[in-house]
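Here is the structure we will look at.
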Amino acid sequence: MNAINPPTGSPETQMLHAPYPLKDAYGALSMPVYQAVAYEFETAAQMEAAFTGKSPEHVYSRVSNPTVQYFEQRVKTLTGADEVIAFNSGMAAIANTFIAVAQAGANIVTSPHLFGNTYSLIAFTLNDFGVEPRFCNLSDVAEVEKQLDRNTCAVFLETITNPQMEVADLQALSEICKKHRVPLIADTTIVPFTAFKAAAFGVDVEVVSSTKYISGGATSLGGLVLDYGSYDWRQSSKLRTLAGQDGLSAFSLKIRREIHRNLGACMTPEVAAKQLTGLETVAIRYERAAATCRALAAKVRPLDGVASVNYPALEGHPFRDVSRRQFGEYPGAMFTFDVVSREAAFRFIDRLKLIRRATNLFDHKTLAIHPASTIFGTFSEALRQRMDVSQNTIRISVGLEHIDDLYGDFAQALLRD
Ligand SMILES: *Cc1c(COP(=O)(O)O)cnc(C)c1O
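When you number the sequence shown by the working numbering, it's gap-free, plus one each residue, and the end is 482.
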């Protein structure tokens, strides 16, 4: 497609028809997998220009690659983010983000309700380099405010925590972040950016595990950092010197020019091609999975053997109002439920005939897991309790099957023999 006339229409339409930066030599309608490590130049002067960033050519695929760049471009078109950087996993996106903003002596204000590896990254890995974790209750804005000081480099949260299903009030947190000049960084993996506009709720930087919804049925690992250009990095003690006139792009420059290439956790072109295809259908797949999830969560609640169901759209859920304000009718395609004991949880999982026993979220297939013994299985029981990870909880990631079949499997797996 002609690179000069970008398509018009809604972001979804524009994304599907986003032009390539250069005309493809063969007119390929899908972005080819540019499986190349290095790129050749005609002259030494052109090499110098490309290597020093004065011209836009690719030089080496750890730094940038045409297929990966096109994937980033499409995410930018879809979300309106100022800058999008792709990585080889969600954890790589999160690690690059913290390494960009944190330094020895800084602190990160966050919740203990975090994805297991993110918790470990903050509590142990970054702490070894002198970054202080400050875990608090992010649903209590006054408590969060008490944790903030001049060394706070970020407030970090997951938009719906898992398996606790806690929903922080982003607008309230964003207000205190602005007051204290701290960036608000959110892991939005649980509700994809086609359905939830993080920037409209005051999120400055969004991190996503694209392994989940975007990959299109668990095809590949990937991660994204989306910088909305809303935070003035002249306020950051670490990035102040890099921040230019407006201070808005220092964060993505720091990652793009330094951390991304130094750590080497780059997305590969095969993965970018898969996730480009996933991106084309994520909005419709999400609508179907989330609608099934909501209906299934309500339907299994009265079943014998189910002690409680945890999904923020359900009647009586403590975060129902804030969830509705932020995510509308469908807060993700995952719910958790409690049975009476760890043994009952194991029995349920062992009896499943259709729902698959596996980790991961937002595969096309519905998945069940017992978080306490798996994702959090190597944590001490005391730490699990601090994180509110109960032995009685089962997590269900809802896929694209018919709801009647999923309900049938639930009902048979709960039956006593
Ligand atoms: C899966 C997940 C991650 C980690 O992503 P990977 O792609 O597995 O590295 C981070 N945060 C959340 C909320 C996740 O669900």
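Using N, Cα and C, we set each Cβ at its ideal position, and we do this for glycine too.
Using a Cβ-based criterion (distance less than 6 Å to any ligand heavy atom), does residue i qualify as near ligand 1?
i    : result
G155 : yes
E107 : no
S388 : no
E223 : yes
F152 : no
F180 : yes
D252 : yes
S274 : yes
L426 : yes
L286 : yes
Considering residue i, what are the terminal residues of the alpha helix (DSSP H) in which it resides?
i    : result
V247 : Unbroken run through V247: none, as it is neither H nor E.
R127 : No alpha helix (DSSP H) holds R127; DSSP gives it neither H nor E.
F163 : 155 to 166
V347 : 334 to 365
E208 : 206 to 212
E271 : From DSSP, E271 is part of no alpha helix (DSSP H) but of the beta strand (DSSP E) over 270 to 274.
T142 : 131 to 144
R322 : R322 -> no alpha helix (DSSP H), and no H or E assigned at all.
R299 : Segment: none, R299 is in no alpha helix (DSSP H) and carries neither H nor E.
G181 : 181 to 185
T78  : 76 to 81
G473 : 468 to 479
F411 : 407 to 416
E446 : 446 to 451
Let me know if residue i comes out buried or exposed under the rule of 16 or more other beta-carbons within 10 Å of its beta-carbon.
i    : result
T78  : exposed
N327 : exposed
R350 : buried
K244 : exposed
S445 : exposed
A251 : buried
S75  : exposed
I69  : Here the model assigns I69 a pLDDT of 49, short of 50, so the residue's position is not dependable, and the following value carries that caveat. Label assigned to I69: exposed.
Y91  : exposed
V102 : exposed
N67  : A caution first: N67 carries a pLDDT of 47, below 50, which makes its placement in the model too unreliable to give a value.
A315 : buried
H467 : exposed
L94  : exposed
D469 : exposed
V405 : exposed
K277 : buried
R390 : exposed
F261 : buried
E394 : exposed
If I measure Cβ to Cβ from residue i and keep anything under 7 Å in the same chain, skipping five residues before and after, which residues do I get?
i    : result
A233 : L203, S204, L222
A362 : V374, Y376, L379, F400
Q168 : K303
H123 : Y104, S129, N130, P131
G343 : I279, S280, G281, T284
G195 : A169, G170
Got a sec? Which residues, its chain only, sit under 8 Å from residue i by beta carbon, not counting five neighbours each side?
i    : result
K418 : D474, Q477, A478
G483 : Nothing can be reported for residue 483, as the shown portion of the chain is limited to 66 through 482.
Y472 : L361, K364, V365
N457 : A372, D403, V404, V405, S406, R407, A409, A410
Which two residues bound the contiguous beta strand (DSSP E) that contains residue i?
i    : result
P9   : Summary: the structure shown does not reach residue 9, with the chain confined to residues 66 through 482, and so no result is reported for it.
I150 : 148 to 152
D403 : 399 to 403
T431 : Segment: none, T431 is in no beta strand (DSSP E) and carries neither H nor E.
I461 : 458 to 462
L289 : 288 to 292
S373 : 373 to 375
Hey, residue i and residue j are a contact pair by Cβ (cut 8 Å); roughly how many whole angstroms apart?
i    : j    : result
F152 : G312 : In fact, because the Cβ distance is near 24 Å, the residues do not count as touching under 8 Å.
R139 : L286 : R139 to L286, Cβ: 18 Å. No contact.
A354 : G464 : 6 Å
V174 : L213 : 6 Å
S455 : A433 : The pair is not a contact, with the Cβ atoms about 16 Å apart (cut-off 8 Å).
N216 : N172 : 5 Å
P334 : V98  : 5 Å
F427 : A447 : Wrong, their Cβ atoms sit about 31 Å apart, outside the cutoff.
T224 : S176 : So it is not a contact: roughly 11 Å between Cβ atoms.
S295 : A264 : 6 Å
T424 : I461 : Not a contact, Cβ separation roughly 12 Å.
For residue i, which residues of its own chain have a beta-carbon under 6 Å away from its beta-carbon, when the five flanking residues on both sides are left out?
i    : result
S317 : E148, D292
R416 : A478
P72  : Q79, H82
W298 : L304, A308, G312, A315, F316
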